[in-house]
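**Q** Just so you know, our numbering puts 235 at position 206 of the sequence shown, and the rest follows in order with no gaps. Backbone N, C-alpha and C define an ideal beta-carbon position, used for all residues, glycine too.
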Amino acid sequence: MMAYKQVALIGLGLIASSVSHAIRRAGLPIRVSGHARTQKSREEARRLGLGDIFDTAAEAVAGADLVILCVPVGAMEGVAKEIAAHLKPGATITDVGSVKKAVVGAVAPYMPGHVHFIPGHPIAGTEHSGPASGFASLFDNRWWLLTPDRQTDPAALSNLEEFLLALGAKVDKMEAEHHDLVLAVTSHVPHLIAYTMVGVADDLSRVTETEVVNYSAAGFRDFTRIAASDPTMWRDVFLNNKTATLEILGRFTEELFALQRAIRTGDGDQLFDYFTHTRAIRRGIIEAGQDTAQPDFGRIVTRN
Ligand code: NAP
Numbered sequence: 030m031m032a033y034k035q036v037a038l039i040g041l042g043l044i045a046s047s048v049s050h051a052i053r054r055a056g057l058p059i060r061v062s063g064h065a066r067t068q069k070s071r072e073e074a075r076r077l078g079l080g081d082i083f084d085t086a087a088e089a090v091a092g093a094d095l096v097i098l099c100v101p102v103g104a105m106e107g108v109a110k111e112i113a114a115h116l117k118p119g120a121t122i123t124d125v126g127s128v129k130k131a132v133v134g135a136v137a138p139y140m141p142g143h144v145h146f147i148p149g150h151p152i153a154g155t156e157h158s159g160p161a162s163g164f165a166s167l168f169d170n171r172w173w174l175l176t177p178d179r180q181t182d183p184a185a186l187s188n189l190e191e192f193l194l195a196l197g198a199k200v201d202k203m204e205a206e207h208h209d210l211v212l213a214v215t216s217h218v219p220h221l222i223a224y225t226m227v228g229v230a231d232d233l234s235r236v237t238e239t240e241v242v243n244y245s246a247a248g249f250r251d252f253t254r255i256a257a258s259d260p261t262m263w264r265d266v267f268l269n270n271k272t273a274t275l276e277i278l279g280r281f282t283e284e285l286f287a288l289q290r291a292i293r294t295g296d297g298d299q300l301f302d303y304f305t306h307t308r309a310i311r312r313g314i315i316e317a318g319q320d321t322a323q324p325d326f327g328r329i330v331t332r333n
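In structure tokens form, the structure reads like this:
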């Protein structure tokens, strides 16, 4: 028996709309309520049938057993402040922000003592945003990380885990600070590198005109896909995961200099060994079921 009868989604973009579709796909007897900042998004969400959409976040969370904050990291505090007085006693509040320590700092101070705040982050996404970008299978076989602390109520935690499993996700738990370091390595710095590389190519395109676009090889095309991600979301990620991002960027720069030196000195063995090692990491990701070995990352596969 699912513990939640009503789930409120605050923010109605890629992640929230995917949650709504996944709830429906699982056939869960849950009423979905929701709110987005702009009238345009709220109307689109209504047209798409994502749930009962309200003009204010306060109305959307009224009566909800679970509230999921699906807004950019920088908007979490304002939303927490707005909904605090309207939360149902005993409700669980979670979020999907890509950074955890800063979100805990922004949200926890506003949470009343009669609710359970359990921060979270689905390791699933695309470069698309908005209410129409979601799909039911987004979380299938993806990790949904939770960062409970010692005060977290075990029953509330297990109810949330059960719900996330029903959406198709796998659940793991870790400390907020550790989460931010891990994600700086696996997501945040790679995005920064993609943004930089596309910026470099853009500079170059002024020299070579359309060649950069016309002769884009797979590696560069993948960078452009990542660099097309939502600017608000990613600005907020870097502003709120400063320490871990700068730490990993420092290490990245050291490795880059080492490879630069190997190229300059013609040290083919070093390059070959390095690339052999990184290839093994890719195999590990595929074996863990977190990506496909198909050409082009199996991107042609249809969504449902
Ligand atoms: P998105 O598609 O851009 O949607 C963001 C939603 O938040 C929009 O509905 C927006 O409303 C709403 N919003 C923004 N400020 C708001 C406010 N002050 N009050 C109420 N609603 C507000 O974003 P997303 O990709 O779903 O990302 C949402 C969260 O998930 C972010 O914290 C992000 O870090 C995290 N996340 C994203 C991914 C990914 O790959 N995209 C993966 C994992 C986690 P309007 O449309 O009306 O402006």
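Excluding sequence positions up to five away, which residues of its chain have a Cβ less than 8 Å from the Cβ of ARG75?
**A** If we look at ARG75 and ignore the five residues flanking it on each side, its Cβ neighbours are ILE82.
**Q** Per DSSP, what kind of secondary structure is PRO151 in: helix, strand or coil?
**A** In the structure shown, PRO151 sits in a strand (DSSP, three-state: E or B).
**Q** Do you know whose CA, among MET105, ILE152 and PHE301, lies nearest ALA213's CA?
**A** Here the closest residue by C-alpha is ILE152.
**Q** Count the C-beta pairs between the region 251–269 and the region 95–105 that are closer than 8 Å, then say yes if the count reaches three, no if not.
**A** Yes: the two stretches touch, three or more of their Cβ pairs being nearer than 8 Å.
**Q** Does the beta carbon of ALA184 fall short of 6 Å from some heavy atom of the ligand SAM?
**A** Within the structure as shown, the ligand SAM is missing, the only ligands being the ligand NAP.
**Q** Taking DSSP's pairing of strands, which residues face ARG60 in a bridge?
**A** Paired residue(s): GLN35.
**Q** Tell whether a beta-carbon distance below 7 Å holds between LEU196 and ALA51.
**A** Yes, they are a contact pair.
**Q** Please report how far the alpha carbon of ASP296 lies from the alpha carbon of ALA198, in whole angstroms.
**A** C-alpha separation (whole angstroms): 44 Å.
**Q** Identify every run of the alpha helix (DSSP H) within the region 297–323, keeping only runs that are complete inside it and at least 4 residues long; order them along the chain.
**A** Fully enclosed alpha helix (DSSP H) runs of 4 or longer: 297–316.
**Q** Quick check on DSSP: helix, strand or coil for HIS50?
**A** In the structure shown, HIS50 sits in a helix (DSSP, three-state: H, G or I).
**Q** Can you tell me whether DSSP reads LYS271 as helix, strand or coil?
**A** Looking at LYS271 - three-state DSSP - the assignment turns out to be helix.
**Q** Looking only at its own chain, which residues have a Cβ that is under 7 Å from the Cβ of ALA89, when we skip the five neighbours before and after it?
**A** The answer, listed in chain order, is ALA37, ILE39, SER62, GLY63, HIS64 and PHE83.
**Q** May I ask whether a heavy atom of the ligand NAP can be found less than 6 Å away from the beta carbon of ALA65?
**A** Because some heavy atom of the ligand NAP lies under 6 Å away, the Cβ of ALA65 counts as near it: yes.
**Q** May I have a chain-ordered list of the alpha helix (DSSP H) segments no shorter than 4 residues that lie completely inside the region 96–126?
**A** DSSP runs (the alpha helix (DSSP H)) wholly in the region 96–126: 105–112.
**Q** Tell me the DSSP secondary structure of PHE146 in three-state form.
**A** PHE146: strand per DSSP, three-state reduction.
**Q** How many Å lie between PRO141 and ALA223 at the Cα?
**A** Near 40 Å, if we compare the C-alpha coordinates of ALA223 and PRO141.
**Q** For a minimum of 3 consecutive residues, which ranges assigned as the beta strand (DSSP E) are wholly contained in the region 170–229?
**A** Within the region 170–229, the complete beta strand (DSSP E) runs of at least 3 residues are 172–175 and 199–202.
**Q** Can HIS217 and ASN270 be called in contact, C-beta distance under 7 Å?
**A** It is a contact, given that the beta carbons lie within the stated cut-off.
**Q** Whose C-alpha, out of ARG171, VAL96 and VAL48, is nearest the C-alpha of VAL400?
**A** With the chain represented from 30 up to 333, any question about residue 400 goes unanswered, as that position is not in the structure.
**Q** Give me, in chain order, the residues of the same chain whose beta-carbon lies closer than 6 Å to that of LYS110; leave out the 5 immediate sequence neighbours on both sides.
**A** Once the five neighbours on either side are set aside, the close Cβ partners of LYS110 are TYR139.
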